[in-house]
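Enquirer:
Protein chains: 4
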Amino acid sequence: MAGNTFGKIFRLTSFGESHGPGIGGVIDGCPPKLIIDIEFIQSELNKRKPGQSEFASPRIETDKIEFLSGIFEGQTTGAPIAFFISNNDTKSSDYNHLRDVFRPSHADFTYELKYGIRDYRGGGRSSARETITRVVAGAIAKLYLLQQGIDIIGFVSSIGHVQMKNVQQTLDRKSIEASSVRCPDAEISASMQSLISDVKADGDTLGGVISCIVTGMPVGLGEPVFDKFHADLGKAMLSINAVKGFEIGSGFEGCKQKGSEQNDQFVIVDNQIHTKTNNSGGVQGGITNGENVFFKVAFKPVATVMQKQQTVDKQGNEIEIEGKGRHDVCVVPRAVPIVEAMAALVTIDHFLRNRMYL
Amino acid sequence: MAGNTFGKIFRLTSFGESHGPGIGGVIDGCPPKLIIDIEFIQSELNKRKPGQSEFASPRIETDKIEFLSGIFEGQTTGAPIAFFISNNDTKSSDYNHLRDVFRPSHADFTYELKYGIRDYRGGGRSSARETITRVVAGAIAKLYLLQQGIDIIGFVSSIGHVQMKNVQQTLDRKSIEASSVRCPDAEISASMQSLISDVKADGDTLGGVISCIVTGMPVGLGEPVFDKFHADLGKAMLSINAVKGFEIGSGFEGCKQKGSEQNDQFVIVDNQIHTKTNNSGGVQGGITNGENVFFKVAFKPVATVMQKQQTVDKQGNEIEIEGKGRHDVCVVPRAVPIVEAMAALVTIDHFLRNRMYL
Amino acid sequence: MAGNTFGKIFRLTSFGESHGPGIGGVIDGCPPKLIIDIEFIQSELNKRKPGQSEFASPRIETDKIEFLSGIFEGQTTGAPIAFFISNNDTKSSDYNHLRDVFRPSHADFTYELKYGIRDYRGGGRSSARETITRVVAGAIAKLYLLQQGIDIIGFVSSIGHVQMKNVQQTLDRKSIEASSVRCPDAEISASMQSLISDVKADGDTLGGVISCIVTGMPVGLGEPVFDKFHADLGKAMLSINAVKGFEIGSGFEGCKQKGSEQNDQFVIVDNQIHTKTNNSGGVQGGITNGENVFFKVAFKPVATVMQKQQTVDKQGNEIEIEGKGRHDVCVVPRAVPIVEAMAALVTIDHFLRNRMYL
Amino acid sequence: MAGNTFGKIFRLTSFGESHGPGIGGVIDGCPPKLIIDIEFIQSELNKRKPGQSEFASPRIETDKIEFLSGIFEGQTTGAPIAFFISNNDTKSSDYNHLRDVFRPSHADFTYELKYGIRDYRGGGRSSARETITRVVAGAIAKLYLLQQGIDIIGFVSSIGHVQMKNVQQTLDRKSIEASSVRCPDAEISASMQSLISDVKADGDTLGGVISCIVTGMPVGLGEPVFDKFHADLGKAMLSINAVKGFEIGSGFEGCKQKGSEQNDQFVIVDNQIHTKTNNSGGVQGGITNGENVFFKVAFKPVATVMQKQQTVDKQGNEIEIEGKGRHDVCVVPRAVPIVEAMAALVTIDHFLRNRMYL
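Protein chains in written order, with my numbering: chain W, 1 to 358; chain R, 359 to 716; chain E, 717 to 1074; chain F, 1075 to 1432.
(1) Specify the secondary structure class of THR360 (chain W) as computed by DSSP and reduced to three states.
(2) With distances taken from CA atoms, which of W:ILE176, W:ARG355, W:ILE321 and W:ALA344 is nearest GLY220 (chain W)?
(3) Go ahead and label HIS230 (chain W) buried or exposed: buried means 16 or more other beta carbons lie within 10 angstroms of its beta carbon, across all protein chains shown.
(4) Between which two residues does the beta strand (DSSP E) carrying SER1254 (chain F) extend?
(5) Counting only Cβ-Cβ distances shorter than 9 angstroms, please list the residues of the region 1179-1192 of chain F near chain E, keeping chain order.
(6) So GLY923 (chain E) packs on VAL1048 (chain E), CB below 8 angstroms; how close in whole Å?
(7) For ASN804 (chain E), count neighbouring C-beta atoms within 10 Å of its own C-beta (all shown protein chains included) and say buried if the count is 16 or more, exposed if not.
(8) When the Cα of ASP1065 (chain E) is compared with those of E:GLY1001, E:ASN979 and E:LYS858, which residue comes out closest?
(9) Nearest by alpha-carbon distance to SER1200 (chain F): which of F:ASP1102, F:SER1313 and F:GLU1335 is it?
(10) What is the rounded straight-line gap between the Cα of ILE498 (chain R) and the Cα of ASP395 (chain R)?
(11) Between the alpha carbons of VAL851 (chain E) and GLY950 (chain E), how many angstroms are there, rounded?
(12) Give, in chain order, every unbroken run of the alpha helix (DSSP H) that is at least 4 residues long and sits entirely within the region 1315-1362 of chain F.
(13) Taking Cβ positions only, does PRO900 (chain E) come closer than 7 angstroms to chain B?
(14) Is the CB of PRO796 (chain E) under 7 angstroms away from at least one CB in chain R?
(15) From the beta carbon of ILE706 (chain R), is the nearest beta carbon of chain W less than 7 angstroms away?
(16) Compile a chain-ordered list of the residues in the region 1089-1110 of chain F whose CB is closer than 8 angstroms to at least one CB of chain R.
(17) Compute the beta-carbon to beta-carbon distance between GLY1025 (chain E) and ASN1337 (chain F), rounded to the nearest angstrom, for a pair I have assumed lies under 8 angstroms.
(18) Rounded C-beta distance between PRO438 (chain R) and ILE490 (chain R)? I'm assuming under 8 angstroms.
(19) Closer than 8 angstroms is the cut-off here; do at least three beta carbon pairs connect the region 1318-1333 of chain F with the region 1252-1262 of chain F?
(20) Leaving out five residues before and five after VAL1410 (chain F) in sequence, what residues of the same chain have Cβ atoms less than 8 angstroms from its Cβ?
(21) Strictly under 7 angstroms for the Cβ-Cβ distance: is ASP920 (chain E) near chain F by that measure?
(22) Is the Cβ-Cβ distance between THR288 (chain W) and GLY203 (chain W) less than 7 angstroms?
(23) Please check if any C-beta of chain W sits within less than 7 angstroms of the C-beta of ALA1310 (chain F).
(24) What ranges does the beta strand (DSSP E) occupy inside the region 1081-1141 of chain F, keeping only unbroken runs of at least 3 residues that lie completely in it?
(25) Got a sec? Which residues, its chain only, sit under 6 angstroms from THR215 (chain W) by beta carbon, not counting five neighbours each side?
(26) For PHE1011 (chain E), tell me which candidate among E:ARG1069, E:GLU963 and E:HIS1043 has the shortest Cα-Cα distance.
(27) My assumption, with CB atoms under 8 angstroms, is that ASP108 (chain W) sits in contact with GLU17 (chain W). Please give the rounded CB distance.
(28) Roughly how many angstroms lie between the CA atoms of LYS1274 (chain F) and VAL1403 (chain F), to the nearest whole one?
(29) Please state the DSSP three-state secondary structure of GLY936 (chain E).
(30) Hey, THR669 (chain R) and PRO390 (chain R): beta-carbon distance below 7 angstroms or not?
(31) What residue does the beta strand (DSSP E) around VAL572 (chain R) start on, and which one ends it?
(32) Do GLY387 (chain R) and ALA798 (chain E) have their CB atoms nearer than 7 angstroms?
(33) Could you check whether the Cβ of ARG841 (chain E) sits closer than 7 angstroms to any Cβ belonging to chain R?
(34) In or out: LYS317 (chain W) buried (at least 16 other Cβ within 10 Å) or exposed?
(35) So, with DSSP's three-state summary, where would you put GLN879 (chain E)?
(36) If we define contact as Cβ-Cβ less than 7 angstroms, is ILE9 (chain W) a contact residue for chain E?
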């Protein structure tokens, strides 16, 4: 049973390869009568696009979205929404030398053995270009969630060993977008950029951490015992290329605390029940408690390095390879819209799932 | 849409409350002709049981399993397997004072608001007693996986600030079971026990980290782009009570490395393709690569502390409460069989999903 | 991927065998705060029970329901509802002679070959005793639907060649229950009973047709293009043991008409849009249109006849068998509560699915 | 929860409207390394196309298929297969007069009330033009099934009151395609054509019945107790536009027989177990028994008649309308490839589901 559909009520089915005709998706279960703001969707896509900065891949893609169904007179109709983005700048010949090679820490080896066949051009289906579909569907989800007062803000909180402090307080989208690495702390942002430049000069690559805050959350989203809100959120994040870790609230650090330190005590603020602290990250017992949802996502460094590496080919020979093609030094800044999009997909899905209790 | 079923092919549906008649589950999709070793299943349950040590809840439950269907002459038949474990030692009166109280960092508040009704006795449905169902289903999954040469070994790698080194090499089940905190490093185990004693004296509680290794994995398990092996594994772990974080392979630490350090280079060992290192944790591109699967799970400290805490009741009054009832100081050792069980459920499910490619 | 769960939002997972410990199920997704009227549920079960008349199986089962979870102080809590009915009168020895025999038009042969193992006692999992789970879940669904003004009325409209006229107008539950064959037309009912007596004397069996009407339906239930209301209804009915056909509205007969005869013209009645006729059976474009839903279900005759039949055993020998054990001459009257129950499950599921559009 | 995906392992997600950019779908779960014979797929599409005969809609569509993903060097890769067929001959202005009208026995009224918005052009999403997606996915399924020796043959067995005899013996594809109404009995075919001509002259329309036979079926497909083979087949057929009834094997007629007549006795033929008769239609206990699967599907007459009909508009006025636009007198012949396609989708899905038992 293949796994290219995400969600239970608001469901995205993703398709497309890096160097095929294009990338697209079908959303089934979007509420009808939602006004589709194409400029907003395109602006979300642009945040993910390659070629945004010197340390991102120079592949030039307009990534222009085309809707194939489900929209009538500017609104959703309840019918499935299909969309498509053509691949234009596909230099497939860049990849001919990889036809028989298993690049280290890429998906070449596992795809070849699982499926017995592999579209080797630019990673084929395993390329992060697939995340376009998530950004589009996430943007539509955001349009709906914004109507409900729910907003999602992601940013880069660390690259390599350079990391921000006081991450949970950050809610300023302007300072995020002002930074070419999407880090709202100007000083840290500068250190990150300088680190990236150094590492690029060595032909090496970097990973990092994205933090994300969801504001305006209602109480009640999440379906115990398995489909807890943060469990589905974790799965969503871990399904993004290069993600190796997920934390909700105080995460791994919080596990070093004692119960008396970790517990979020309830208080009355403005006649409403709130928690004094938010170590829970807005989720208790798998259900949102009305506080901001706060989580972190760990991205490993880009696997393609411009250095010699040992590896093995399809015929079982040990060989040496060196990165070619157009690659990012650090994808973490470009991954911010993807993290936000997946958070939007989980949130709208649980928002609609919660409707059965109304 | 509620969320009490886990898995796509091997599917566990869980039911039961802490202080109702009992806890049980139904497994649909278990392969037929599997010999059911009830002693093994019971021994797995015993590892999870309360009352194993001085720092675990003294609630006395035999947790004796009863099968209601799906087994004929000692073997599975392909029909759904239902099982049930009675609740015996239910001191519901212990909880009368909690009928209207929202305990800090428990699920009382969110359940009350989501469902509009709440079985407050012992946490009701939100109690970790539900994890019995996972251990039973996981034990059945293990019986199948062992036939395929797949083994799952979990252990406690940190409690509070006390943590093990060189975690990924640990594969010695004897030294794990020899430790009352299920930590295979004898020295660290002693430190953990002494920490727990200190904290218990203060009426406080502790969290920690469980590490887990799956050996004998075939290449090819995992269904990109959404149902990646580690994405489903992460969801499985995050669905366990008190879990706040998940890492695969080198996780958050690995994100500080450069690509040239993080990458797992391919080599030929005994005529087979392997990786020299295993920073990937046995999963590449969302698909197992035949190396050991390695991951970590973060548990927050137990929410019920024997200290005064500020909170709010159902009527909106700010009040003070203090822990009563029978509670663990640190559940992490008892959670080892649960982590293993969820890993077994994810593995068998993906093992069976992968059958469509054969 | 096994198939023992029905529904998307209101989901029944069924378990149990004819001669194992019992029959049960788990309902996940029942709305919380529904008052559980156990007497009503038991009365529904009693309608399905064996031993109701001279032509039904004399097996004596109290079929007393026990709830294992999900109900607190008489109401549903949103947690899964598990229930169990013990098998008491299990004369398994009646079936020893069938261990190696494939009875004609039973499931013995297909179960043996599919699963490689078979609980041969009383048909095991393939026994119609499984339908108990549907009646219980259906009764709970009915409790919810009745609150919404939706009522479901099934009755026997034909047995063998004896059939009612003017079936769609029948809405009188009293006259249905007054008939031992659940046919509301007293004259036809008498003919049916006399036919059954004759056929019983020959050691033979009968099939028939159940008609069913759902009143009080809102406009809007059904999810094109695949999960049309009548498509899910058809699947539900065809999943009942012995069912071989399904029709919505004018069904096969309507296909002989011309468009001008078949079309249901819209009219205004009491300021509301209605159709003049109801050939559509209350569903248009796969969505309920507010008229009564009307459908028919065909049951083949009972496969176990008290006559000699040719067949084959597991070892491939051609043999002769003759029916033994306690069997119905005609199950159609006992199947009325099952048809109603499955209609209730489809209706509540689509009712809750439709909530995402609110 | 919307319903535009069909299948569990081999899953088709359908999208598109009659007068939007086009119609398409995504298949997730197609086995890798299947050779895609585009000519065969196009030939299946051509059988469904309008404009094939004088009594079919004169709309001119090339219905040329374009693949967007999932195929590499002529073979499937295990990645989702997306395809798209443009709408060319869309005379949307033909439908302006229907913007506010609810046509009798169409989906206008139910779509308007369910979604609160409706693409009224040519029926929008409710148009049978959507069935293109089924034919494409079904053709790919057929390519796989043919490799397994499974073949699917549908034909028209009745139109209006003209009907074939001895339907279950028909397996001659040539004589089916030789008939412009896809009826293999030349005499009956001529009567059907003459009936259609007469009815067309009156501006009226016709329905009919399609019969279908699946040969080469293995024993073991079908997943009791809910996902029985014929239950999923029934749902598949009932999800096709205009279908009002479904029968497996001897269906409604068989319910008039006695058990001794209906039962299919087992015999040994060429050292294999077979049934002497096939009243079961190749399915027993919900599982295929290796005999031909045989079923019938009832289509109501086309709703658009060229006669005056009474109806109601959106504003609640009673009005009269008369059919305009390009419509079929009888769609049943064009529906044959759709019935076959849905049978192929059910068969491949259950074929792959059955893999877990291997």
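We put the beta carbon where it would ideally sit given N, CA and C, even for glycine.
Expert: Here's the rundown:
(1) For residue 360 (chain W) there is no data in the structure shown, the boundaries of chain W being 1 and 358.
(2) W:ARG355
(3) buried
(4) Unbroken run through SER1254 (chain F): none, as it is neither H nor E.
(5) SER1179, HIS1180, ALA1181, ASP1182, PHE1183, THR1184, TYR1185, LEU1187, LYS1188, TYR1189 and GLY1190
(6) 7 angstroms
(7) exposed
(8) E:LYS858
(9) F:SER1313
(10) 8 angstroms
(11) 17 angstroms
(12) 1325-1328 and 1333-1336
(13) The question asks about chain B, but that chain is absent: this structure's protein chains are W, R, E and F.
(14) yes
(15) no
(16) GLY1103, PRO1105 and PRO1106
(17) The sequence given here places Gln at residue 1025 (chain E); Gly does not occur at that position. GLN1025 (chain E) to ASN1337 (chain F), Cβ: 6 angstroms. Contact.
(18) Contact flag wrong, Cβ pair sits at about 18 angstroms.
(19) no
(20) LYS1121, GLY1228, PHE1229, VAL1230, ILE1250, ARG1256 and ILE1284
(21) yes
(22) no
(23) no
(24) 1085-1090, 1096-1102 and 1139-1141
(25) ASP151 and ASN292
(26) E:GLU963
(27) Wrong, their Cβ atoms sit about 14 angstroms apart, outside the cutoff.
(28) 6 angstroms
(29) coil
(30) no
(31) 566-573
(32) no
(33) yes
(34) A quick correction: the sequence has Asn, not Lys, at residue 317 (chain W). Counting Cβ neighbours within 10 Å, ASN317 (chain W) comes out exposed, since fewer than 16 surround it.
(35) strand
(36) yes
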